[in-house]
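Visitor: The structure follows.
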Amino acid sequence: MIHVRFHSVYGSTKYYAESLAQSVDALSIAVLDVPIPSDGRPVVILSPVHGPSIAGIKVAQQYHETHPVALVAVGMTLLDAAQKRDQMRSSAPEDCARFYLPGRLDYSQLSSAHRAAMASLVALLKAKPLKNANDKNIIAGYNKVVDRVDVDKLQPVIQWARNAAS
26 MIHVRFHSVY GSTKYYAESL AQSVDALSIA VLDVPIPSDG RPVVILSPVH GPSIAGIKVA
86 QQYHETHPVA LVAVGMTLLD AAQKRDQMRS SAPEDCARFY LPGRLDYSQL SSAHRAAMAS
146 LVALLKAKPL KNANDKNIIA GYNKVVDRVD VDKLQPVIQW ARNAAS
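Residues in the sequence shown are numbered from 26 upward in steps of one, following our numbering.
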């Protein structure tokens, strides 16, 4: 069985984890620090991107020597930009597969700390003289419901999990 672990704050990571688990006949466990059995089976870790932080990286560092590991970061950066930037490249173990998936952001559900962080980010981006597509995207989505969750984008993760398990 493939091990699926996830951490979700506002729900889109949970949605992807449950969809993945269903596709590969696994259980999704909503706690990153639950020990993973020492069975050498593949581990897929999903967590949201919060600024420079991706919680799943610590779990990958713990298990990558004994299990094939894939990290999945769910965020609001445009998918092409997230893949090109590859934020996990410098901190994730080299042998871990890395995937990025688009998420969902509903400003009405944000904590006050996250709302303040987004307000600051948008103010900084508006002040930039040259804005890239991702900057424009964040500004345009400010204070709105932005839902880019696309279960079809999970297919490469599903394929990796199946290949790693065989």
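C-beta atoms are modelled at their ideal positions from N, C-alpha and C, and glycine is treated no differently.
1) Helix, strand or coil: which one does DSSP assign to H139?
2) Can you list, in chain order, the stretches of the beta strand (DSSP E) that have 3 or more residues and sit fully within the stretch 91-133?
3) Select from S133, R114, Y132 the residue whose C-alpha is nearest the C-alpha of F124.
4) Given that a residue counts as buried once 16 or more other Cβ atoms are within 10 Å of its Cβ, and exposed if not, what is R187?
5) Do V182 and V56 come within 8 Å of each other at the CB atom, strictly closer than that value?
6) Where do the N-terminal and C-terminal ends of the alpha helix (DSSP H) with S63 fall, by residue?
7) Check whether the Cβ atoms of V170 and L126 sit closer than 8 Å, and answer yes or no.
8) Starting from the N-terminal side, write out each stretch of the beta strand (DSSP E) that is 3 residues or longer and does not extend beyond the stretch 158-184.
9) With contact counted as at least three CB pairs below 8 Å, one residue from each stretch, are the stretch 155-175 and the stretch 103-110 in contact?
10) Identify every residue that forms a DSSP beta bridge with H28.
11) In the DSSP assignment, the alpha helix (DSSP H) including G81 goes from what residue to what residue?
12) Please say whether L71 and A107 have beta carbons closer to each other than 8 Å?
Guide: So, from the data block:
1) Along the sequence shown, read from residue 1 onward, the residue named residue 139 stands at position 114. Here H139 sits in helix by DSSP.
2) 94-100, 122-127, 129-131
3) Numbered from its first residue, the sequence shown carries residue 124 at position 99. Of the listed residues, the one whose Cα sits closest to F124 is R114.
4) Within the sequence shown, residue 187 is the residue found at index 162, counting from 1. When all chains shown are included, R187 counts as exposed.
5) Locating residue 56 in the sequence shown gives position 31, where the first residue counts as 1. Locating residue 182 in the sequence shown gives position 157, where the first residue counts as 1. For V56 and V182, no; Cβs fall outside 8 Å.
6) For the purposes of this step, residue 63 is identified with residue 38 of the sequence shown, where counting begins at 1. No alpha helix (DSSP H) contains S63, which DSSP labels as neither H nor E.
7) The residue given as residue 170 occupies position 145 in the sequence shown. The residue given as residue 126 occupies position 101 in the sequence shown. No. Outside cutoff.
8) 170-172
9) yes
10) On the sequence shown, position 3 is the one that residue 28 refers to. According to DSSP, which records beta bridges pairwise, H28 is partnered with V68.
11) Residue 81 sits at position 56 when you count from the first residue of the sequence shown. Where G81 is concerned, the enclosing alpha helix (DSSP H) stretches over 81-88.
12) Here residue 107 refers to the residue found at position 82 when the sequence shown is read from its first residue. Here residue 71 refers to the residue found at position 46 when the sequence shown is read from its first residue. Going by C-beta atoms, A107 is not nearer than 8 Å to L71.
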